[in-house]
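Chemist:
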């Protein structure tokens, strides 16, 4: 599989003026969410973590947690962004107009920590992701 940069989607979102912050997920989703949190001085609760069926199958075969693969892997270039709730439909329609889609994975909070809400239980997300220059 080849990663795909979401240039059309990012451009149309910029013109829509619905997005308040944006980063790509190339260093991992959790890392990207932490970066948004640090830059914006907000926290996040992830309550809709998208995990492809193939990832779930791979995780089960190899003894991994599919959530960890979705959160801490890297090498894809999906957009991770914040949108004012009142502008969600505007952003969604803009992205769909260029053939893309948006998935709401959570929401911002005033408390500066990142939580995964899974089956009603909340867990802190580690600040880790892909490390390009790791020497170990």
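Residue numbers (this note's numbering): 853 to 988. Ideal placement from N, C-alpha and C gives every residue a C-beta, glycine not left out.
1. Smallest Cα separation from residue 905: which of 969, 959, 899 and 917?
2. Give the C-beta separation of residue 878 and residue 952 to the nearest angstrom, bearing in mind that I take them to be a contact with Cβ-Cβ under 8 Å.
3. Less than 9 Å between CB atoms is the rule here; does residue 884 satisfy it with respect to chain D?
4. Closest to residue 959 by C-alpha separation, out of 896, 919, 980 and 973, would be which residue?
5. Thinking just about the alpha-carbon of each residue, which of 900, 876, 859 and 893 is nearest to the one in residue 972?
6. Determine whether the beta carbon atoms of residue 888 and residue 911 lie at a separation below 9 Å.
Modeler: Concretely, from the data shown:
1. Taking each of 969, 959, 899 and 917 in turn and checking the Cα distance to residue 905, the smallest one comes out for 917.
2. Not quite, the Cβ-Cβ distance comes to about 17 Å (not below 8 Å), so this is no contact.
3. Absent here is chain D; the protein component of the structure consists of one chain.
4. Closest by alpha carbon: 896.
5. Cα-wise, what sits closest to residue 972 is 900.
6. Taking 9 Å as the cut-off, the Cβ atoms of residue 888 and residue 911 do not count as close.
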